[in-house]
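**Q** Sharing a structure, written as structure tokens. Questions coming.
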Amino acid sequence: MANPKHFCLFGFFCLLLQLFSFFHIGNGELEMNYYRESCPKAEEIIRQQVETLYYKHGNTAVSWLRNLFHDCVVKSCDASLLLETARGVESEQKSKRSFGMRNFKYVKIIKDALEKECPSTVSCADIVALSARDGIVMLKGPKIEMIKTGRRDSRGSYLGDVETLIPNHNDSLSSVISTFNSIGIDVEATVALLGAHSVGRVHCVNLVHRLYPTIDPTLDPSYALYLKKRCPSPTPDPNAVLYSRNDRETPMVVDNMYYKNIMAHKGLLVIDDELATDPRTAPFVAKMAADNGYFHEQFSRGVRLLSETNPLTGDQGEIRKDCRYVN
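FYI, in mature numbering (1 follows the signal peptide of the UniProt record, and there is no 0) the residues of the sequence shown are -28 to -1, 1 to 299.
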């Protein structure tokens, strides 16, 4: 007859194994070249599509970069941003914090190319991450080698959380630092990621509070006059093409001109001025303004950290066939 003590120990060991298995189901990890066997051409297909779309519609490259931020800061890098309102899902794109975002329709072109090569294999979340990486290259930014893959797609959206998780253009620097810190991004990398403002543009809706009824005294006076020409009314039409570019000298290049501009009080948003003057961030701003290589190094690190924010992996979520809808 078996020793009852041994039987209990054996049973306890089996229970531990069962619990270990339970808690690890679906908890895979991101890895380099995740699709090397299931879809070997996946990353090359995404790169080719990003390049083709860039040469047809140059502003797509900026959109890929902004998509990564808006997707990953809201809960997880899980392509929840791409979902449209349908089948009980309310799209995050409906939020006021998504104002000015565009080019979502071109994600379908990338996804269709991948589905043709290897159906139901490559996640929309990985498309978001890899298209951002490749878009940065098209914007003459750093080539970021270490973007891992293996993300899965969410089965829902987080519209109700967007307002609290995506920083507002009027938010303080402390609030933005806190937001980034909450997802594991330190102050140095936060300063670098804000350098994404070196590309793209800001609508007058988000600028006029610094110009009317009086000019923000922290703005360079001549630059403020230029902005008033770009935004001649204190009540701009949000649907009109009224904007100013973040960087007038190299507007479609991810470079350190952003830091040179904000040190000269030529930033568009309040946070730009705070970034250049706050003792927590000013040393990093000065260093990035003086050294584009250092900026690119920290920007690359920031993008890697951002892209790995709380991803769904293993058997969590799903692989959407169409990035706009859950399966």
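We put the CB at the ideal spot given by N, CA and C, even for glycine.
Here the structure is a predicted model, which means the values were calculated and not measured.
Between which two residues does the beta strand (DSSP E) carrying residue 171 extend?
**A** The residue given as residue 171 occupies position 199 in the sequence shown. Taken as a continuous stretch (DSSP letters only), residue 171 belongs to no beta strand (DSSP E), as it is neither H nor E.
**Q** With distances taken between CB atoms, is the gap from residue 282 to residue 48 smaller than 8 Å?
**A** Translated into the one-based positions of the sequence shown, residue 282 becomes position 310. Translated into the one-based positions of the sequence shown, residue 48 becomes position 76. In contact: residue 282 and residue 48 (Cβ atoms closer than 8 Å).
**Q** So residue 279 and residue 155 are supposed to be a Cβ contact under 8 Å. How far apart are they, rounded?
**A** Position 307 of the sequence shown holds residue 279. Position 183 of the sequence shown holds residue 155. So it is not a contact: roughly 11 Å between Cβ atoms.
**Q** Work out the CA separation of residue 193 and residue 288 for me, nearest whole Å.
**A** Numbered from 1 along the sequence shown, position 316 holds the residue referred to as residue 288. Numbered from 1 along the sequence shown, position 221 holds the residue referred to as residue 193. Taking the straight line joining both Cα atoms gives about 53 Å.
**Q** Which residues does DSSP pair with residue 125 in a beta bridge?
**A** Here residue 125 corresponds to residue number 153 of the sequence shown, with the count starting at 1. DSSP output for residue 125 lists 290 as bridge partner(s).
**Q** Taking just the CA atoms, how far does residue 130 sit from residue 173?
**A** If you number the sequence shown from 1, residue 173 lands on position 201. If you number the sequence shown from 1, residue 130 lands on position 158. For residue 173 and residue 130, the distance between alpha carbons rounds to 26 Å.
**Q** From the DSSP output, which residues share a beta bridge with residue 3?
**A** Position 31 of the sequence shown, counted from the first residue, corresponds to residue 3. Residue 3 is bridged to 121.
**Q** Using a C-beta cutoff of 8 Å, does residue 71 count as contacting chain C?
**A** As a matter of chain content, chain C is missing from the structure shown, which is built from one protein chain.
**Q** Can you have a look at residue 84 and say buried or exposed, based on whether 16 or more other CB atoms are within 10 angstroms of its CB?
**A** Along the sequence shown, read from residue 1 onward, the residue named residue 84 stands at position 112. By the 10 Å Cβ count, residue 84 comes out exposed.
**Q** Say whether the stretch 160 to 176 touches the stretch 185 to 192, bearing in mind that this needs 3 or more beta-carbon pairs closer than 8 Å, one atom from each stretch.
**A** Counting Cβ pairs under 8 Å, fewer than three are found: no touch.
**Q** Does the Cβ of residue 258 have 16 or more other Cβ atoms within 10 Å, making it buried, or fewer, making it exposed?
**A** Looking up residue 258 in the sequence shown gives position 286. Classification of residue 258: exposed, given that the 10 Å Cβ count is below 16.
**Q** State the DSSP-derived secondary structure class of residue 216, mapped to helix, strand or coil.
**A** Along the sequence shown, read from residue 1 onward, the residue named residue 216 stands at position 244. Residue 216 falls in the strand class under three-state DSSP.
**Q** Excluding sequence positions up to five away, which residues of its chain have a Cβ less than 6 Å from the Cβ of residue -10?
**A** Looking up residue -10 in the sequence shown gives position 19. Bear in mind that the predicted position of residue -10 carries a pLDDT of just 42, short of 50, making it too unreliable to give a figure here.
**Q** Can you tell me the Cα-Cα spacing of residue -4 and residue 286, whole angstroms?
**A** If you number the sequence shown from 1, residue -4 lands on position 25. If you number the sequence shown from 1, residue 286 lands on position 314. The pLDDT assigned to residue -4 is 37, lower than 50, so where the model puts this residue is not dependable; a value taken from the coordinates is nonetheless given after this. Rounded to whole angstroms, residue -4 to residue 286 spans 7 Å at the Cα level.
**Q** What is the DSSP secondary structure of residue 54, reduced to helix, strand or coil?
**A** Residue mapping note: residue 54 aligns to position 82 of the sequence shown, counting from 1. Note: residue 54 maps to helix in three-state DSSP.
**Q** Looking only at its chain, what residues have a beta carbon closer than 6 Å to the beta carbon of residue 301, apart from the 5 residues adjacent to it on each side?
**A** Here the chain covers residues -28 to 299 and nothing more, so residue 301 does not appear.
**Q** Does residue 109 come out as helix, strand or coil in the three-state DSSP assignment?
**A** Locating residue 109 in the sequence shown gives position 137, where the first residue counts as 1. DSSP places residue 109 in helix when its eight states are reduced to three.
**Q** If the criterion is Cβ atoms closer than 8 Å, does the pair residue 46 and residue 138 meet it?
**A** In the sequence shown, counting from the first residue as 1, residue 46 sits at position 74. In the sequence shown, counting from the first residue as 1, residue 138 sits at position 166. The answer is yes: Cβ separation under 8 Å.
**Q** Are there three or more Cβ pairs, one per stretch, closer than 8 Å when the stretch 56 to 76 is compared with the stretch 22 to 40?
**A** A contact exists between the stretch 56 to 76 and the stretch 22 to 40.
**Q** Go through the stretch 12 to 70 residue by residue and report every complete run of the alpha helix (DSSP H) that reaches 4 residues or more, in order.
**A** Segments of the alpha helix (DSSP H) lying fully in the stretch 12 to 70: 14 to 28 and 32 to 45.
**Q** I need the straight-line Cα distance from residue 134 to residue 277, nearest angstrom please.
**A** Here residue 134 corresponds to residue number 162 of the sequence shown, with the count starting at 1. Here residue 277 corresponds to residue number 305 of the sequence shown, with the count starting at 1. So the two alpha carbons sit approximately 20 Å from each other.
**Q** Excluding the 5 residues preceding and the 5 following residue 151 in the sequence, name in chain order all residues of the same chain whose CB lies nearer than 6 Å to its CB.
**A** Residue 151 sits at position 179 when you count from the first residue of the sequence shown. Result list for residue 151: 139, in chain order.
**Q** Could you name the residues that DSSP lists as bridge partners for residue 284?
**A** Residue 284 sits at position 312 when you count from the first residue of the sequence shown. DSSP lists 124 as partners of residue 284.
**Q** Using a Cβ-Cβ cutoff of less than 7 Å, which residues in the same chain neighbour residue 103 once the five nearest sequence positions on both sides are dropped?
**A** Position 131 of the sequence shown, counted from the first residue, corresponds to residue 103. Taken in chain order, the residues that qualify are 18, 22, 36 and 82.
**Q** From the DSSP output, in three-state form, read off residue 236 for me.
**A** As a working note, residue 236 is residue 264 in the sequence shown. Looking at residue 236 - three-state DSSP - the assignment turns out to be coil, as it is neither helix nor strand.
**Q** The alpha helix (DSSP H) that contains residue 198, what's its start and end?
**A** Taking the first residue of the sequence shown as 1, we reach residue 198 at position 226. 193 to 202 is the span of the alpha helix (DSSP H), which, as asked, contains residue 198.
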